[in-house]
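The sequence shown begins at 2 in our numbering and counts up one residue at a time.
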Amino acid sequence: MDKKKLADAIRILSMDGVQKANSGHPGAPMGMADIAEVLFRHTMRYNPKNPSWENRDRFVLSNGHASMLLYSLLHLTGYDVTLDDLKQFRQLGSKTPGHPERERTPGVETTTGPLGQGLANAVGMALAEKKLAATFNKKGLPIIDHYTYVFVGDGCLMEGISHEAASLAGTWKLSKLIVLYDSNGISIDGEITGWFTDDTAQRFSSYGWQVIADVNGHDPYAIGKAITKAKANTDQPTLIICNTIIGFGSPNKQGKASSHGAALGDEEVSLARKQLGWKYEERFYVPEEMYEDWDFTKQGAELEREWNDLFAEYKKQYPSEAAEFERRIQGVYPDGWEDKLDEMIVTWQKDKLNVASRKASQLILDQISAFMPELIGGSADLTPSNLTQGKASESYDVDESKGNYLHFGVREFGMMAILNGIALHGGFVPYGGTFLIFMEYARNAIRMSAIMKLPVIQVFTHDSIGLGEDGPTHQAVEQAATLRMTPNMVVWRPADAVETAVAWKSALKRKDGPTSLLLSRQNLVPQDRTDEQVQAISKGGYVIWESKGKPEIILIGTGSELDLAMQAARRLGKDGKKVRVVSMPSCEVFEAQDEAYRESVLPFSVRKRVAVEAAWTDYWFKYVGLDGTIIGMHSFGESAPADKLYEHFHITANAVYEAALSLK
2 MDKKKLADAI RILSMDGVQK ANSGHPGAPM GMADIAEVLF RHTMRYNPKN
52 PSWENRDRFV LSNGHASMLL YSLLHLTGYD VTLDDLKQFR QLGSKTPGHP
102 ERERTPGVET TTGPLGQGLA NAVGMALAEK KLAATFNKKG LPIIDHYTYV
152 FVGDGCLMEG ISHEAASLAG TWKLSKLIVL YDSNGISIDG EITGWFTDDT
202 AQRFSSYGWQ VIADVNGHDP YAIGKAITKA KANTDQPTLI ICNTIIGFGS
252 PNKQGKASSH GAALGDEEVS LARKQLGWKY EERFYVPEEM YEDWDFTKQG
302 AELEREWNDL FAEYKKQYPS EAAEFERRIQ GVYPDGWEDK LDEMIVTWQK
352 DKLNVASRKA SQLILDQISA FMPELIGGSA DLTPSNLTQG KASESYDVDE
402 SKGNYLHFGV REFGMMAILN GIALHGGFVP YGGTFLIFME YARNAIRMSA
452 IMKLPVIQVF THDSIGLGED GPTHQAVEQA ATLRMTPNMV VWRPADAVET
502 AVAWKSALKR KDGPTSLLLS RQNLVPQDRT DEQVQAISKG GYVIWESKGK
552 PEIILIGTGS ELDLAMQAAR RLGKDGKKVR VVSMPSCEVF EAQDEAYRES
602 VLPFSVRKRV AVEAAWTDYW FKYVGLDGTI IGMHSFGESA PADKLYEHFH
652 ITANAVYEAA LSLK
């Protein structure tokens, strides 16, 4: 069947879906339909009946507002996306939400919508493919050999994250990353010539990309030729600049901002059908012969069968490598990994290791990087400060694709979004480090980790005013609270080396979301614990000390401030007060415990409570209530040595002591 008519099926379904919802973005799907037809019918290797096939090509719709384009493609090619699903576009609980959501819709590789992040995710996917291929492929047996294709729009390339991610993709020579740019010259505000005049081709060339410019985005043969040229380049990622008309086929709205972010209107939808030569007036109707031409299930099944045969031969010739590959793809850790961390915990508790929690984290990385090859991570140009490179970690070698330590440069946002892409691809355990304050640069990528339930480990050091002389621009105050308030985020702020090891263990075990480790610059006082208390750390909050008798005052401490609570408690105990100290390294983990345990730690009957943390105080009201008080920050920090700052802001053991005495 005529390729244009097949592309028109995407246009029809997309504008009908948006029109029925009376909400959405019809322009980009209509403008990119020809590109999508070439990609999904003639280029990509995938199996609609097994969206998780390991060696599938990945497709990322970075301009996620064009979601009806993707849903139409998934429906036409044979994924479990029905016509009724398309009719439920943007409705509560449907498989077709306003922007693509991973795990909600079969075939959606990543949740997109915040522009530019899909491109960064794709960089992570392409890096994961390259590294796995270098690790496992054998001559004549390329078990990992797939491409990552990305659709981007003008908005994606305006976002700063596109610079960060594209620069790294060029540096890393990710030749199996192919980006198709929908250059239609329109954004929500209208023609972009007033605010986007970059020479995009030269910009990407300067990053080390191959650029194929001035491709007619409505000519399938020109598009196919450009993709062939992109695949032939084995040393560079490729940007294909496709000149398109937004809202293609809409007689009154094509090429205009009016087709970008709103339904075309019933009358215009009918006119577009006539303009396109589509002879079927019924909404959401595609003739059976078009479905037959679009259906990719047979080809997909054959592609996967061929790969299964290839892997069977690989398994026969290289059984140990095959077993290791399967272990990593399935997300199973090496035997004994927990035992190694448990040994560290016991040793550190016994020896009273007195180090900063960032240093304890490095010591942990020294161990786990030696026996966990799937661990991959790095830092946004703060390696000597974050201490994120373990002894067994080697810096990434671009040409050999060896090494598991990534130097991201000063690119916090790009780093976290790329780590999301690595997690999405599979086969790795990604982590990344920066100062806690600079999580603000990466905030939306961190949020996307939580939305997508990705097991990314975020190592945030220099976690408070304890940073010292660098001053308020570098001292985290409100960041711990905002991370704790992020749904599906688990935050650990350990009080010493032992709690740091437990935090890392918890982070590695978590498979359904990200973990933020908030680590100190300064050394932390090692705390005395019984074996039972050491075991209780994994519950997020536990009783670490108390005087004899039923407690009448509870002090809650976390991180570097736990020791202040301990000092105050001992003094109160000498005064005859009945005091309990609760260490709360992870509020989220504590709150996941059963009610009986939580009540045993923080009994409701004890209303006199003091929480202490060198951070914004408001979060802690949930634990101290209206009868308690909080010692912490009520402003930004200052530039001074850490000990002077704690005195200046009245975050001291004496302040905790006085606050406890003042409780009525």
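The beta carbon of each residue, even a glycine, is placed where N, CA and C say it ideally should be.
M45 to A313 span [Cα, whole Å]: By 1-based counting over the sequence shown, the position of residue 45 is 44. By 1-based counting over the sequence shown, the position of residue 313 is 312. Their backbone Cα atoms lie some 23 Å apart in a straight line.
What is the rounded straight-line gap between the Cα of P115 and the Cα of F152? Stepping through the sequence shown from its first residue, residue 115 is reached at position 114. Stepping through the sequence shown from its first residue, residue 152 is reached at position 151. Computed Cα separation, rounded: 14 Å.
Which runs of the beta strand (DSSP E), 3 residues or longer, sit entirely within the region 31-110? 59-62
Less than 8 Å between the C-beta atoms of L77 and W295, yes or no? By one-based count along the sequence shown, residue 77 stands at place 76. By one-based count along the sequence shown, residue 295 stands at place 294. Closer than 8 Å, so yes.
Nearest to K609 by CA position, among F622, S539 and L364, is which residue? On the sequence shown, position 608 is the one that residue 609 refers to. Cα-wise, what sits closest to K609 is F622.
If contacts are defined as beta-carbon pairs under 8 Å, then I241 and I179 qualify, I think. What distance do you get, rounded to the angstrom? Taking the sequence shown and counting its residues from 1, one reaches residue 241 at position 240. Taking the sequence shown and counting its residues from 1, one reaches residue 179 at position 178. Yes, I241 and I179 are in contact; Cβ-Cβ is about 7 Å, under 8 Å.
Within 10 angstroms of its Cβ, does N51 collect 16 or more other Cβ (buried), or is it exposed? Numbered from 1 along the sequence shown, position 50 holds the residue referred to as residue 51. Per the 10 Å Cβ criterion, exposed.
State whether the region 467-479 contacts the region 504-515, with contact taken as three or more CB pairs (one from each stretch) at a distance under 8 Å. no
Classify P456 as helix, strand or coil using the three-state DSSP reduction. Locating residue 456 in the sequence shown gives position 455, counting from the first residue. Coil at P456, not helix or strand.
Is there contact here, the region 330-344 with the region 388-398, by at least three beta-carbon pairs under 8 Å? no
Starting from N309, trace the beta strand (DSSP E) both ways and give me its first and last residue. Locating residue 309 in the sequence shown gives position 308, where the first residue counts as 1. Segment T298 to Q318 is the alpha helix (DSSP H) holding N309; no beta strand (DSSP E) there.
Residue closest to A570, alpha-carbon to alpha-carbon, out of S561, L556, R42 and G560: Reading the sequence shown from its first residue, position 569 is the one you call residue 570. Out of S561, L556, R42 and G560, L556 has the C-alpha closest to the C-alpha of A570.
Please look up how many angstroms separate the CB atoms of R39 and F90, rounded, as I've assumed it's under 8 Å. Residue 39 sits at position 38 when you count from the first residue of the sequence shown. Residue 90 sits at position 89 when you count from the first residue of the sequence shown. A small correction: the amino acid at residue 39 is Val; Arg does not occupy that position in the sequence shown. That pair is no contact at about 24 Å.
On a Cα-Cα basis, can you pick out the residue from L71, N23, P49 and G379 that is closest to D35? Taking the sequence shown and counting its residues from 1, one reaches residue 35 at position 34. Closest by alpha carbon: L71.
In terms of residue numbering, what span does the beta strand (DSSP E) encompassing W493 cover? Along the sequence shown, read from residue 1 onward, the residue named residue 493 stands at position 492. Element bounds for W493: V491 to W493.
With a cut-off of 8 Å on the beta carbons, I'd call V457 and E589 a contact; round off their distance for me. The count along the sequence shown starts at 1 and reaches residue 457 at position 456. The count along the sequence shown starts at 1 and reaches residue 589 at position 588. With a Cβ gap of about 15 Å, V457 and E589 do not count as contacting.
Are the region 455-470 and the region 584-598 in contact at 8 Å, needing three or more beta carbon pairs? no
Could you round the C-beta distance between F60 and E130 to whole angstroms and report it? I think they count as a contact, below 8 Å. Counted from its first residue, the sequence shown places residue 60 at position 59. Counted from its first residue, the sequence shown places residue 130 at position 129. About 13 Å; that fails the 8 Å criterion.
So what's R444 in DSSP terms, helix, strand or just coil? For the purposes of this step, residue 444 is identified with residue 443 of the sequence shown, where counting begins at 1. If DSSP states are grouped into helix, strand and coil, R444 belongs with the helices.
Whether I1 touches V583 by CB criterion (8 Å): Absent from the model: residue 1. The displayed extent of the chain is 2 to 665, so no value can be given.
With a threshold of 16 other CB atoms inside 10 Å of the CB of G141, please say whether the residue is buried or exposed. For the purposes of this step, residue 141 is identified with residue 140 of the sequence shown, where counting begins at 1. The residue in question, G141, is exposed, as its Cβ has fewer than 16 Cβ neighbours within 10 Å.
Give, in chain order, every unbroken run of the beta strand (DSSP E) that is at least 3 residues long and sits entirely within the region 329-396. 376-380
Can you give me the C-alpha to C-alpha distance between A264 and R274, rounded to a whole angstrom? For the purposes of this step, residue 264 is identified with residue 263 of the sequence shown, where counting begins at 1. For the purposes of this step, residue 274 is identified with residue 273 of the sequence shown, where counting begins at 1. Rounded to the nearest angstrom, the two C-alpha atoms are 15 Å apart.
Quick one: residues in its chain with C-beta nearer than 7 Å to the C-beta of W617, no 5 flanking neighbours on either side, listed in chain order? Position 616 of the sequence shown, counted from the start, is the residue given in the question as residue 617. Excluding positions up to five away in sequence, the list reads V478, E479, A482, G633 and M634.
How is the alpha helix (DSSP H) around T483 delimited, first residue to last? If you number the sequence shown from 1, residue 483 lands on position 482. Residues Q480 to R485.
Whole angstroms is fine: what's the gap from L62's alpha carbon to I145's? As a working note, residue 62 is residue 61 in the sequence shown. As a working note, residue 145 is residue 144 in the sequence shown. Computed Cα separation, rounded: 22 Å.
If you follow the alpha helix (DSSP H) that M126 is part of, which residue opens it and which one closes it? Start at 1 with the first residue of the sequence shown, and residue 126 comes out as number 125. Element bounds for M126: Q118 to F137.
Counting C-beta neighbours from all protein chains within 10 Å, is the total for M2 16 or more, i.e. buried, or is it exposed? As a first step, residue 2 must be located in the sequence shown, where it is residue number 1. M2 should be labelled exposed.
Where K571 falls: helix, strand or coil (DSSP): Along the sequence shown, one-based indexing puts residue 571 at 570. Looking at the sequence provided, one finds Arg at residue 571 rather than Lys. Note: R571 maps to helix in three-state DSSP.
Can you tell me which of the three DSSP states E401 falls into? Your numbering for residue 401 matches position 400 in the sequence shown. In this structure, E401 counts as coil in the three-state DSSP scheme.
Whose C-beta lies closer than 7 Å to the C-beta of L175 among residues of the same chain, with five residues either side of it excluded? Position 174 of the sequence shown holds residue 175. Cβ neighbours of L175 beyond the five flanking positions: V124, A127, L128, K131 and P238.
Out of G560, S587, A498 and D628, which has the shortest C-alpha to C-alpha gap to T652? Taking the first residue of the sequence shown as position 1, residue 652 is located at position 651. Reading off the sequence shown, one finds Ile at residue 652, where the question assumed Thr. Here the closest residue by C-alpha is G560.
According to the Cβ coordinates, are P488 and G541 closer than 8 Å? Here the question's residue 488 lines up with position 487 in the sequence shown. Here the question's residue 541 lines up with position 540 in the sequence shown. No; because the gap between Cβ atoms is not below 8 Å, this pair is not in contact.
Considering only their Cβ atoms, is the gap separating A566 from S358 smaller than 8 Å? As a working note, residue 358 is residue 357 in the sequence shown. As a working note, residue 566 is residue 565 in the sequence shown. Taking 8 Å as the Cβ cut-off, S358 and A566 do not qualify as a contacting pair.
If you draw a straight line from the alpha carbon of T245 to that of V212, how long is it in whole angstroms? The sequence position of residue 245 within the sequence shown is 244, counting from 1. The sequence position of residue 212 within the sequence shown is 211, counting from 1. Straight-line Cα distance between these residues: approximately 17 Å.
So what's G434 in DSSP terms, helix, strand or just coil? Counting from 1 along the sequence shown, the entry for residue 434 is found at position 433. Of the three classes helix, strand and coil, the one that applies to G434 here is strand, per DSSP.
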